[in-house]
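A.B. asks: Residue numbers (this note's numbering): 643 to 1194. Here it is, the structure, as structure tokens.
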């Protein structure tokens, strides 16, 4: 049976960067409310907000110090209630980000755990002895360095942090932790939210700490096999999600499983497992790695889109999830560079963005559009390393200089690839200070090419108008419910069909900078056309970054 969340277009809002209404340079919840008419006109039906809870903002809200209150920089609980009411009045829905793997070190639980080593809250976190001041193991943090940090209290133990050192991981083996996190989630469901996006849920189970990554490096090493997708993740998740569904049967639970394979997507979203309704994996995006400089770490080197690799990966995901759950379709989010910076063609910039959106969002699945993507918003350009707020940036920069890159070249690579540069302010009107985001200096400042709402609303050929047409098409029954077959095509061409009852649509996109000939589509009525096509016998020649959507 079709659920409400099977037909949604989700729009991800980074609250600090969307719209400032109190003139402090930080976006806020009132700003989101103010822009609901814009979102509805765009074709958005559900909003996902990055964390809005009280936080020291070490990691922009993912370090939570109070789950039951709103960070004062973003607004108040009354603002959240007003937002929920306004969205529901417009037939729209709200998802909140739920940070379940870790808290801030300023959270009362951790403060008590440090102050009282024998107390109740000590076991809310993960601790290990470190004889002779040796780290418990050589596991590496995603944010650089070791996962271990010395107890700031009186003991010789170390606490575990998979992300920033100010974000200690919770001990989900402790039933009190599981109960406490469930009570927090229930509080927000009672407030009237429609769903949760489960942040980093794949990490809530860890292996035995008395193990090392077997390698020759003296530096801590990323070791996902010890702290991702471990056996207890699914039982914990099933009980957590099951309890929420008892409270709200139609709650939408969107899981973030960055490193999940197609097989794990099935496990996490299979209805009978009572876990997530849909799951995000970063592995749906496939990059070219054939032009990387082996002298540098790959993470901050720009990479082009591997069209053929992505064709294979999406075919696998679509095939395996058929009859199980809907894939999650996205090009960008707060953890990666913007699609306009990462994959757009410099020569065919706007047309390439239209092609990429069409090729992905008309597939079977739930689109998630990152705020500003519909404008072609690009990464900010920072002029110094401190703006990235990332301890892994300096080593990359130093290494680049050591092997012969200039300072400008090293910085350009970071600006093109770093997630922080993708979190810049929304551009509303280029004629206003800070493009209408705020009269004050934005919390995150850098330069960017102007792509603003006001200009694009006035241009019928703009990317914004194209997104409006595309999302109207996405909301039709054929593109929400139809079956999908990805076709075998020449390199550079991505083509698939959607079929529902007797209606068939064919989507064809040339995702390359050169013309490509493909067999002529037999369906007739053209729904969308961008670029140029010509015909030769039984073949159609698609000019660079040309797309068609046809229907019988």
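Just so it is clear, CB atoms sit at the ideal spot from N, CA and C, and this is done for glycine as well.
Given this structure, state the Cα-to-Cα distance separating residue 946 from residue 705, to the nearest angstrom.
C.D. replies: Residue mapping note: residue 946 aligns to position 304 of the chain shown, counting from 1. Residue mapping note: residue 705 aligns to position 63 of the chain shown, counting from 1. Their Cα atoms are separated by approximately 32 Å.
A.B. asks: If contacts are defined as beta-carbon pairs under 8 Å, then residue 1078 and residue 1029 qualify, I think. What distance do you get, rounded to the angstrom?
C.D. replies: As a working mapping, residue 1078 is identified with position 436 in the chain shown. As a working mapping, residue 1029 is identified with position 387 in the chain shown. That belief does not hold up - the Cβ atoms of residue 1078 and residue 1029 are roughly 22 Å apart, past 8 Å.
A.B. asks: Can you give the Cα-Cα distance for residue 1104 and residue 1018, rounded to whole angstroms?
C.D. replies: By one-based count along the chain shown, residue 1104 stands at place 462. By one-based count along the chain shown, residue 1018 stands at place 376. Looking at the two C-alpha atoms, the distance is approximately 10 Å.
A.B. asks: At which residue ranges does the stretch 651-739 contain complete beta strand (DSSP E) runs of 3 or more residues, listed in the order of the chain?
C.D. replies: 652-655, 688-691, 708-712
A.B. asks: Just verifying my parser: in three-state terms, what is the DSSP assignment at residue 751?
C.D. replies: Position 109 of the chain shown, counted from the start, is the residue given in the question as residue 751. Note: residue 751 maps to helix in three-state DSSP.
A.B. asks: How many angstroms separate the CA atom of residue 677 from the CA atom of residue 895?
C.D. replies: For the purposes of this step, residue 677 is identified with residue 35 of the chain shown, where counting begins at 1. For the purposes of this step, residue 895 is identified with residue 253 of the chain shown, where counting begins at 1. Answer to the nearest angstrom: the Cα atoms are 25 Å apart.
A.B. asks: For residue 803, count neighbouring Cβ atoms within 10 angstroms of its own Cβ and tell me buried if that reaches 16, exposed if not.
C.D. replies: Along the chain shown, read from residue 1 onward, the residue named residue 803 stands at position 161. By the Cβ-count criterion, residue 803 is buried, with 16 or more other Cβ atoms from all chains shown falling within 10 Å of its own Cβ.
A.B. asks: Which stretch, first to last residue, makes up the alpha helix (DSSP H) that contains residue 991?
C.D. replies: What you label residue 991 is simply residue 349 of the chain shown in a count that begins at 1. In the DSSP annotation of this structure, the continuous segment of the alpha helix (DSSP H) that includes residue 991 starts and ends at 991-1003.
A.B. asks: Just to check my reading of the structure: residue 622 and residue 967 have Cβ atoms closer than 8 Å, yes? What is that Cβ distance to the nearest angstrom?
C.D. replies: Residue 622 lies beyond the residue range present for the chain, which begins at 643 and ends at 1194; the question has no answer from this structure.
A.B. asks: Nearest-angstrom Cα distance between residue 884 and residue 809?
C.D. replies: Here the question's residue 884 lines up with position 242 in the chain shown. Here the question's residue 809 lines up with position 167 in the chain shown. In this model, residue 884 and residue 809 are separated by some 27 Å (Cα to Cα).
A.B. asks: Between which two residues does the alpha helix (DSSP H) carrying residue 1011 extend?
C.D. replies: Working through the chain shown from its first residue, we reach residue 1011 at position 369. Premise fails: residue 1011 lies in the beta strand (DSSP E), 1008-1012, not in any alpha helix (DSSP H).
A.B. asks: Go through its chain and collect everything with a Cβ distance to residue 1169's Cβ below 8 Å, but skip five positions before and after it.
C.D. replies: Locating residue 1169 in the chain shown gives position 527, counting from the first residue. Correct list, in chain order: 1115, 1147, 1191, 1192, 1193.
A.B. asks: Entirely within the stretch 866-931 and at least 4 residues each: give me those alpha helix (DSSP H) ranges in chain order.
C.D. replies: 866-869, 875-889, 904-911
A.B. asks: Can you tell me whether DSSP reads residue 1097 as helix, strand or coil?
C.D. replies: Taking the chain shown and counting its residues from 1, one reaches residue 1097 at position 455. Three-state DSSP puts residue 1097 in a helix.
A.B. asks: Could you give the first and the last residue of the continuous alpha helix (DSSP H) run that contains residue 843?
C.D. replies: If you number the chain shown from 1, residue 843 lands on position 201. Unbroken run through residue 843: none, as it is neither H nor E.
A.B. asks: Check whether the stretch 717-725 and the stretch 766-773 touch, using three or more Cβ-Cβ pairs below 8 Å as the test.
C.D. replies: No contact exists between the stretch 717-725 and the stretch 766-773.
A.B. asks: Who are the near neighbours of residue 812 in its chain, counting only those whose CB is closer than 7 Å to its CB and skipping five residues on each side?
C.D. replies: Taking the chain shown and counting its residues from 1, the one referred to as residue 812 is at position 170. 743, 744, 745, 766, 767, 819.
A.B. asks: Hey, residue 741 and residue 841: beta-carbon distance below 8 Å or not?
C.D. replies: In the chain shown, counting from the first residue as 1, residue 741 sits at position 99. In the chain shown, counting from the first residue as 1, residue 841 sits at position 199. Yes.
A.B. asks: Could you please give me the residues that DSSP links to residue 770 through a beta bridge?
C.D. replies: The sequence position of residue 770 within the chain shown is 128, counting from 1. Answer is 800, bridged to residue 770.
A.B. asks: Alpha carbon to alpha carbon, how far is residue 961 from residue 1120? Give it in angstroms, no decimals.
C.D. replies: Along the chain shown, one-based indexing puts residue 1120 at 478. Along the chain shown, one-based indexing puts residue 961 at 319. Answer to the nearest angstrom: the Cα atoms are 18 Å apart.
A.B. asks: Between the C-alpha atoms of residue 899 and residue 924, what's the straight-line distance to the nearest angstrom?
C.D. replies: Within the chain shown, numbered from 1, the residue matching residue 899 stands at position 257. Within the chain shown, numbered from 1, the residue matching residue 924 stands at position 282. Taking the straight line from one Cα to the other gives about 8 Å.
A.B. asks: Do you know how far the Cα of residue 1177 is from the Cα of residue 972?
C.D. replies: Indexing the chain shown from 1 puts residue 972 at position 330. Indexing the chain shown from 1 puts residue 1177 at position 535. Taking the Cα positions, residue 972 is about 32 Å away from residue 1177.
A.B. asks: So is residue 974 buried or exposed if we call it buried at 16+ other beta carbons inside 10 Å?
C.D. replies: Residue 974 sits at position 332 when you count from the first residue of the chain shown. So residue 974 ends up on the buried side.
A.B. asks: Apply the 10 Å Cβ neighbour rule to residue 1163 and answer buried if 16 or more other Cβ atoms are within range, or exposed otherwise.
C.D. replies: For the purposes of this step, residue 1163 is taken as residue 521 along the chain shown, with counting starting at 1. By the 16-neighbour rule on beta-carbons within 10 angstroms, residue 1163 is buried.
A.B. asks: What is the rounded straight-line gap between the Cα of residue 712 and the Cα of residue 1158?
C.D. replies: In the chain shown, the residue the question calls residue 712 occupies position 70. In the chain shown, the residue the question calls residue 1158 occupies position 516. The alpha-carbon atoms of residue 712 and residue 1158 are separated by roughly 52 Å.
A.B. asks: Alpha carbon to alpha carbon, what distance is there between residue 951 and residue 1022?
C.D. replies: Position 380 of the chain shown, counting from 1, holds the residue named residue 1022. Position 309 of the chain shown, counting from 1, holds the residue named residue 951. Cα to Cα, the separation comes out at about 28 Å.
A.B. asks: For residue 792, which beta-bridge partners are listed by DSSP?
C.D. replies: Here the question's residue 792 lines up with position 150 in the chain shown. DSSP output for residue 792 lists 800 as bridge partner(s).
A.B. asks: Any idea what DSSP makes of residue 1023, helix, strand or coil?
C.D. replies: As a first step, residue 1023 is located in the chain shown; it is residue number 381 there, counting from the start. DSSP places residue 1023 in strand when its eight states are reduced to three.
A.B. asks: Where does residue 814 sit, in a helix, a strand or coil, going by DSSP?
C.D. replies: Your numbering for residue 814 matches position 172 in the chain shown. The answer is coil: DSSP assigns residue 814 none of H, G, I, E or B.
A.B. asks: According to the neighbour-count rule (16 or more other Cβ atoms, all chains shown, within 10 Å of its Cβ), is residue 1009 buried or exposed?
C.D. replies: Taking the chain shown and counting its residues from 1, the one referred to as residue 1009 is at position 367. Residue 1009 is buried by the Cβ-count criterion.
A.B. asks: When you compare only the Cα positions, how much space is there between residue 1142 and residue 684?
C.D. replies: Counted from its first residue, the chain shown places residue 1142 at position 500. Counted from its first residue, the chain shown places residue 684 at position 42. One C-alpha to the other measures close to 25 Å.
A.B. asks: Taking all protein chains shown into account, decide if residue 892 is buried (16 or more other Cβ within 10 angstroms of its Cβ) or exposed.
C.D. replies: In the chain shown, counting from the first residue as 1, residue 892 sits at position 250. Residue 892 is exposed by the Cβ-count criterion.
A.B. asks: Pick out whichever of 1042, 1111, 1127 has its Cα sitting closest to the Cα of residue 941.
C.D. replies: Against the chain shown, residue 941 aligns to sequence position 299. Selected option, being the one with the closest Cα: 1042.
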